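Numbering (the numbering used here), first residue to last: -3 to 428.
To start, the structure under review is shown below, and the notes come after it.
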C-alpha cells in the first residue's frame, strides 16, 4: 500500500505536465510500470484515489488465510519472459475467478475474498468492507493476460469502471493480479507465496510496451473522467482519507474488544484460582485416624511415605484440602493423609458419649468433703456438669489428657473444678 501512496504523490507533482506534454506523459507511464513491483495499479489511486485502487495489489501480508490453497507439489516453473501480446478475455476460468472476486469486492464479502486469495490481512478485509459501502458496482470488466512463470499461472491486468454511489460518471481503473493454479487445477489470486524470481518476472511483464500502453490508456480515461465531473473529482480526492479514518476506528474497536476479552479471561482464571484456594479449608483441629494409614510427603499417593498413623491415634490437622487430602503435623513435620481416614476428635468423643450410659445416680450419703489445692488430669473423656449429678445440665466436655484446676474433691464421688471460667463437676473416677 505504501508504494501506491508514493505513486499518487508522483502523479500529483507531475499532473500538469502529464496533461500538456503527451510525449513526457507516455515516458512517465512506462517508468511507473517498470518500477511497480506486483502492483495493483488502479489509476484512480495514481491520481488521488488512494487505497481504492490497490485492492488487488500483489503484496506480502500478515495473515495466511488459506494455506491449503497452495499446491503441495511443485509445478513446472520457467522464468524466461515470453514475448507475447496481451490476450483479452482469453481464458474462461480466469474470467470466472476475476468476476467472483470483484463481485465480492462490491458486496464487501470477506469470506469469499479470503477463499479466493492465499494471503489477506484483517486490516485489508476491513478496508474492503468499508469501501464496498461507496460502490454500486464494477462495470465493463476486461481481463488482459500474459503467461505467468508457473505452469497454468497468469499475470492478469484487470480493467474496470467503478460506479460509486451518488456519482454519475464511472471511474476507470486497472489492477494487476497474479493468478496461480491449486493442486486440483482451480485458480486463486496469489499475494504472498512468491519468491524474488516471481517478482522479477512480473516486473519484466509490466515493463513490456503493450502493458505500458494499457496503463497509459487507462490513465488518460481516468483523467478525462475526473475533468468532466467535479463531483467525481471531489469524491476521489477525499476517499482515501475517509477510508483510512474508518479503518483506523474499526481496528481500534477490534483491539479494544480483544483486550476486554483477554481481561475477562484473566479475571475468570483469577476467580477460579481464588475459589479453589477458598475451597481448601484452613483449619487447626485435633483429628483421630479411623484406620492405620500412611503419611505422605505431599498430597499424592505417589509421594514419598514418611511414616504411619495407627488407628485411633490423634494428630493435629492444619488444612483440609479440596483434593481429598489433609495437611497434618507428623512428629513436628508437615505430612499429608487422605481426609477420608481422619475424623475430628470432638465428633468421635461425642458419638462415644452418646452411646455410653450415664453413670447411675448414687444415693446421697453423709460424708466429709475434702478441699484440695492443685490440678486434676482427665483420664477419659467425660461430661462436665453444672452440679454434682448425672442429670444436671452439661457445661461441656473435658477431653482425655486435659488438666483443670481442682476446687474440691467431694465425698459423693464428684470433683469440683474450674472449667472455662465456670465451676463444673466431673465424676472423680474419670480424673487423677
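By construction, the Cβ of each residue, glycine as well, lies at the ideal position given by its N, Cα and C atoms.
Note that the structure is a prediction, hence the values are computed from the model and not measured.
Can you tell me which of the three DSSP states residue i falls into?
i	result
residue 15	Low confidence applies here, because residue 15 scores a pLDDT of 41, under 50, leaving its location unreliable and the question unanswered by this model.
residue 82	coil
residue 146	strand
residue 159	strand
residue 322	strand
residue 386	coil
residue 309	coil
residue 52	Its pLDDT being 37, under 50, residue 52 is placed unreliably in this model, and the value from its coordinates should be taken loosely. If DSSP states are grouped into helix, strand and coil, residue 52 belongs with coil.
residue 169	strand
residue 421	strand
residue 77	coil
residue 285	strand
residue 187	coil
residue 180	coil
residue 394	strand
Residues in the same chain with beta-carbon distance under 6 Å from residue i, minus the five sequence neighbours each way, listed in chain order, please.
i	result
residue 144	150 and 151
residue 432	Because the chain in this structure spans residues -3 to 428, residue 432 falls outside the shown range and cannot be described.
Which residue marks the beginning of the beta strand (DSSP E) containing residue i, and which one marks its end?
i	result
residue 329	329 to 334
residue 206	Segment 205 to 224 is the alpha helix (DSSP H) holding residue 206; no beta strand (DSSP E) there.
residue 127	First-last for residue 127: 118 to 128, but that is the alpha helix (DSSP H), not the beta strand (DSSP E).
residue 415	410 to 415
residue 340	338 to 340
residue 373	371 to 373
residue 298	No beta strand (DSSP E) contains residue 298, which DSSP labels as neither H nor E.
residue 399	399 to 405
residue 378	378 to 381
Does residue i pass the burial test, meaning 16 or more other C-beta atoms within 10 Å, or should it be called exposed?
i	result
residue 71	exposed
residue 80	exposed
residue 180	exposed
residue 248	exposed
residue 384	buried
residue 326	buried
residue 236	buried
residue 127	buried
residue 397	exposed
residue 184	buried
residue 177	buried
residue 223	exposed
residue 155	buried
residue 208	buried
residue 105	buried
residue 218	buried
residue 250	exposed
residue 448	Shown here, the chain extends from -3 to 428; a query on residue 448 therefore has no answer.
residue 328	exposed
residue 221	buried
At what residues does the alpha helix (DSSP H) containing residue i begin and finish?
i	result
residue 96	88 to 103
residue 108	106 to 112
residue 193	192 to 202
Could you tell me whether the Cβ of residue i comes closer than 8 Å to any Cβ of chain C?
i	result
residue 87	Absent from the structure is chain C; it holds one protein chain and no more.
Go through its chain and collect everything with a Cβ distance to residue i's Cβ below 7 Å, but skip five positions before and after it.
i	result
residue 285	305, 306, 307, 308, 309, 337 and 338
residue 194	145
residue 74	145
residue 157	135, 136, 166, 167 and 168
residue 416	392
residue 319	295
For residue i, which residues from the same chain have a beta carbon less than 8 Å from its beta carbon, with the 5 sequence-adjacent residues on both sides left out?
i	result
residue 301	290, 291, 292 and 293
residue 288	304, 305, 306 and 307
Check your understanding: Looking at C-beta atoms only, is the number of pairs between the region 195 to 212 and the region 124 to 135 that lie closer than 8 Å three or more?
Key -> no
Margin query: Does the contact criterion of 3 or more C-beta pairs under 8 Å hold for the region 382 to 396 versus the region 327 to 340?
Written below: no
For the 8 Å Cβ check, are there 3 or more pairs between the region 240 to 256 and the region 105 to 124? yes
| Is the region 209 to 225 in contact with the region 164 to 175, if contact means three or more CB pairs nearer than 8 Å? | yes
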